[in-house]
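Written below as structure tokens is the structure these notes are about.
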Amino acid sequence: MIDSMTLFFTTDFVLYALAAGISLSLVAGPLGSFIVWRRMSYFGDTLAHSALLGIALGLITDSNPQLSIIFSCLLFAFILTLLDRRPSLSTDALLGILAHSSLALGIVVLALADSVRVDLEAYLFGALLTIGNADLIWILLVSTVVTIVLYWFWNDFVSITVHSEIAEIEGANVKRLNLILVLLIALTIAVSMKIVGVLLITSLLIIPPAAARSLASTPEQMAVKASLVGSVSVVLGLISAFYFDVPVGPSIVVVATLIFLLFYFYPSVLKSKS
Amino acid sequence: MESSDNDSKSALESSGEFSSGVLLAARSINKEFADKKILENISLTIEEGQIVTLIGPNGAGKTTLVRIVLGLLQPDSGAIYHRPALRIGYMPQKVQVEPTLPLTVSRFLQLANRHDRELLGNTLNDLKISHLQDHQLTSISGGELQRVLLARALLRKPELLILDEPAQGVDLGGQAELYRLISDISDSQGCGVLMISHDLHLVMSSTDEVICLNHHVCCHGKPEHVSNDPAYLNLFGASASGDLAVYTHHHDHEHGIGGGVKEHHHD
Chain A
12 MIDSMTLFFT
22 TDFVLYALAA
32 GISLSLVAGP
42 LGSFIVWRRM
52 SYFGDTLAHS
62 ALLGIALGLI
72 TDSNPQLSII
82 FSCLLFAFIL
92 TLLDRRPSLS
102 TDALLGILAH
112 SSLALGIVVL
122 ALADSVRVDL
132 EAYLFGALLT
142 IGNADLIWIL
152 LVSTVVTIVL
162 YWFWNDFVSI
172 TVHSEIAEIE
182 GANVKRLNLI
192 LVLLIALTIA
202 VSMKIVGVLL
212 ITSLLIIPPA
222 AARSLASTPE
232 QMAVKASLVG
242 SVSVVLGLIS
252 AFYFDVPVGP
262 SIVVVATLIF
272 LLFYFYPSVL
282 KSKS
Chain B
19 MESSDNDSKS
29 ALESSGEFSS
39 GVLLAARSIN
49 KEFADKKILE
59 NISLTIEEGQ
69 IVTLIGPNGA
79 GKTTLVRIVL
89 GLLQPDSGAI
99 YHRPALRIGY
109 MPQKVQVEPT
119 LPLTVSRFLQ
129 LANRHDRELL
139 GNTLNDLKIS
149 HLQDHQLTSI
159 SGGELQRVLL
169 ARALLRKPEL
179 LILDEPAQGV
189 DLGGQAELYR
199 LISDISDSQG
209 CGVLMISHDL
219 HLVMSSTDEV
229 ICLNHHVCCH
239 GKPEHVSNDP
249 AYLNLFGASA
259 SGDLAVYTHH
269 HDHEHGIGGG
279 VKEHHHD
């Protein structure tokens with residue numbers, strides 16, 4: 012059993028999966044914390060759904076799929092930010108309409124473009140184990156960029172999240188910071204597509220911070236602990252997918268959820284040690 | 019003020035109308051929401067070291083005026099003058115921290131000023147909230163929260179403090195103390211203060227100028243003057259100046275729980 016485990020963890024595709032999964036978990040911790048604090052989970056969901064439309068459009072225009080996903084996510088993020096400034100529309104309903112219409116449209120376009128064969132299931136539920144060189148480079152690149160920008164603007168992001176008006180009086184450019192944060196989320200979602208898929212992306216962003224909440228007394232602690240919870244979920248999720256022969260994406264989410272439940276009901280588990 | 023806003027604004031900003039002691043001035047501010055006039059032709063001026071208090075009933079447009087003065091809201095017409103590069107410390111009416119966001123008092127304060135630890139320590143001491151540093155912002159009392167918010171405003175080393183109902187959620191005895199604290203801060207730091215209050219008598223001793231607002235300026239002037247002004251009495255009812263007699267005083271006594279005057283123990 013130990014042999015098979017060693018073999019498992021030294022296999023190329025498993026190493027790729029681990030590298031991609033952990034590097035995304037590390038940025039998903041702080042970024043997901045902002046999604047939780049700002050109640051943007053539905054927003055993240057909508058972006059993820061719209062990414063499928065991006066894939067479809069990328070395929071029929073014969074462009075790089077990763078670039079088309081990133082482009083469509085950024086575009087949708089931008090449109091949603093603009094629409095959000097019009098108080099006459101209900102954000103909730105608007106997001107619901109956009110999420111499902113773009114998902115449906117994406118599937119329809121994929122079906123119509125019958126010259127190409129697409130593994131729809133991979134985009135819906137993720138395919139961590141089929142990650143290639145190019146995918147990994149994209150993920151590492153985006154994680155690095157997101158980490159740098161987050162670090163650079165960290166105090167400002169926290170400040171506008173706690174109270175945007177005080178932050179504005181103190182000199183923060185609230186509108187610009189909001190947009191940057193939204194674009195970071197869009198970028199991260201765009202490259203996470205392959206790991207957990209459209210339907211499970213938001214959970215990767217939200218469950219680890221939710222699990223970390225009861226263990227944190229500052230925003231920074233919550234962000235870092237969320238990154239740790241995410242990374243542990245990726246590792247344990249991969250192992251259990253291997254042992255129980257189940258899909259990797261959902262398996263990661265199940266592990267993260269179990270960790271969340273554990274800390275939610277027994278926050279003392281880790282607190283006593285730290 | 020029918021002329022173009024921009025013209026009047028730039029005229030105000032560049033004109034020599036304001037002496038160097040003026041921190042902020044608003045001229046002929048008008049604002050409507052959904053065809054309802056909220057502010058009508060409001061003007062005010064705040065000078066260095068001066069404490070100006072806005073009083074008025076609920077819905078009188080006090081917070082709207084403050085938001086316009088701060089630049090958070092655009093007036094329909096009128097002009098705002100700021101002394102160039104004016105540092106403002108702002109204490110909003112309501113701060114509700116998202117429960118999913120863990121935040122200690124000291125981390126909250128560091129959002130305003132991360133680097134000056136000494137200033138942070140001194141401010142916490144001055145406001146007597148040093149013991150709250152490691153408490154979660156969501157777990158402290160209303161009165162403590164108001165002091166923490168005041169501390170955050172002070173950490174910007176403001177030339178002008180703008181306080182929206184600083185004493186809300188504070189018990190009566192604490193309210194008088196808080197207003198006296200604000201007055202002391204204004205004295206010691208030489209900063210101007212614009213604040214909103216709904217109780218003239220509590221702020222009387224610590225304010226230089228009162229503006230009584232009910233969509234328009236009903237009356238304004240020294241607190242003793244305003245409290246006897248027919249427009250003020252009309253707005254708040256004659257009882258407002260009845261039981262709690264108008265008093266002018268120096269800081270030689272404290273206010274008891276009932277807001278009444280309690281002499282110091284001379285020991």
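Which chain is which? The protein sequence lines are A and B, in order.
Plus 11 on top of the position in the first sequence (first one is 1) and you've got the working numbering.
Plus 18 on top of the position in the second sequence (first one is 1) and you've got the working numbering.
Glycine is no exception: its CB is placed at the ideal position from the N, C-alpha and C atoms.
Quick caveat, the model's predicted, so the values are computed rather than measured.
- In the structure shown, the three-state DSSP call for residue 164(B) is helix.
- The beta-carbon separation of residue 233(B) and residue 73(B), rounded to 14 Å, does not stay under the 8 Å limit for a contact.
- If you compare the alpha carbons of 228(B), 65(B), 226(B), 206(B) with that of residue 104(B), the shortest gap goes to 65(B).
- Legend: CB atoms of the region 232 to 253 of chain A lying less than 8 Å from CB atoms of chain B belong to residues 232, 233.
- Non-local C-beta neighbours of residue 115(B) in its own chain, meaning closer than 7 Å and more than five positions away in sequence, comprise 121, 155, 156, ordered along the chain.
- With distances taken between CA atoms, residue 232(A) lies nearest to 45(A) out of 18(A), 14(A), 45(A).
- The region 167 to 186 of chain A and the region 66 to 82 of chain A do not touch, with fewer than 3 CB-CB distances between them shorter than 8 Å.
- In this structure, DSSP gives residue 49(B) an extended state, which the three-state scheme calls strand.
- Under the Cβ distance rule, residue 120(B) counts among the residues neighbouring chain A, one pair being separated by less than 9 Å.
- Between residue 165(B) and chain A, the shortest Cβ-Cβ separation is not below 9 Å.
- Here the alpha carbons of residue 29(A) and residue 192(A) stand approximately 26 Å from one another.
- Between residue 69(B) and residue 201(B), the gap from beta carbon to beta carbon is short of 9 Å.
- Taking each of 82(B), 124(B), 230(B) in turn and checking the Cα distance to residue 51(B), the smallest one comes out for 82(B).
- Neighbours of residue 154(B) in chain A, taken as residues whose beta carbon is under 8 Å from its own, are 228 in chain order.
- DSSP, read as helix, strand or coil, puts residue 236(A) in helix.
- A check of alpha carbon separations from residue 49(A) across 169(A), 204(A), 261(A) identifies 169(A) as the nearest.
- Annotation for residue 143(B): no beta strand (DSSP E) segment contains it, though the alpha helix (DSSP H) segment containing it runs 135 to 144.
- Cβ-Cβ separation between residue 245(A) and residue 32(A): approximately 4 Å, consistent with a contact (criterion under 8 Å).
- Excluding five sequence positions before and after residue 267(A), the CB atoms of its chain that fall closer than 8 Å to its own CB belong to 214, 215, 218, 219, 222, 240, 241, 244, 248, given in chain order.
- Taking all protein chains shown into account, residue 80(B) has 16 or more neighbouring C-beta atoms within 10 Å of its C-beta and is therefore buried.
- Here residue 63(A) is not near residue 154(A), since their CB atoms are 9 Å or more apart.
- Look at the region 77 to 134 of chain B and you find these whole runs of alpha helix (DSSP H), each 4 residues long or longer: 80 to 88, 123 to 128.
- Counting only the Cα atoms, residue 73(A) lies some 35 Å from residue 256(A).
- Per DSSP, residue 102(A) is one residue of the alpha helix (DSSP H) stretching across 102 to 123.
- When DSSP states are grouped into helix, strand and coil, residue 72(A) belongs to the coil group.
- With a contact defined as Cβ atoms closer than 8 Å, residue 63(B) and residue 87(B) miss out at about 11 Å.
- For residue 213(A), there is no enclosing beta strand (DSSP E); the residue is part of the alpha helix (DSSP H) that begins and ends at 212 to 224.
- Within the region 27 to 81 of chain A, the complete alpha helix (DSSP H) segments at least 4 residues long are 52 to 71, listed from N- to C-terminus.
- Short of 8 Å from the beta carbon of residue 210(B), and not among the five residues preceding or following it, lie these beta carbons of its own chain, in chain order: 41, 42, 64, 65, 66, 67, 68, 69, 70, 177, 178, 179, 204.
- Closer than 7 Å at the C-beta level to chain B, one finds these residues of the region 212 to 224 of chain A: 224.
- Against chain B, the beta carbon of residue 46(A) has no neighbour under 8 Å; the closest one sits roughly 10 Å away.
- Residue-level contact by beta carbon holds for residue 110(B) and chain A, with a gap shorter than 9 Å.
- No Cβ of chain A is located within less than 9 Å of the beta carbon of residue 218(B).
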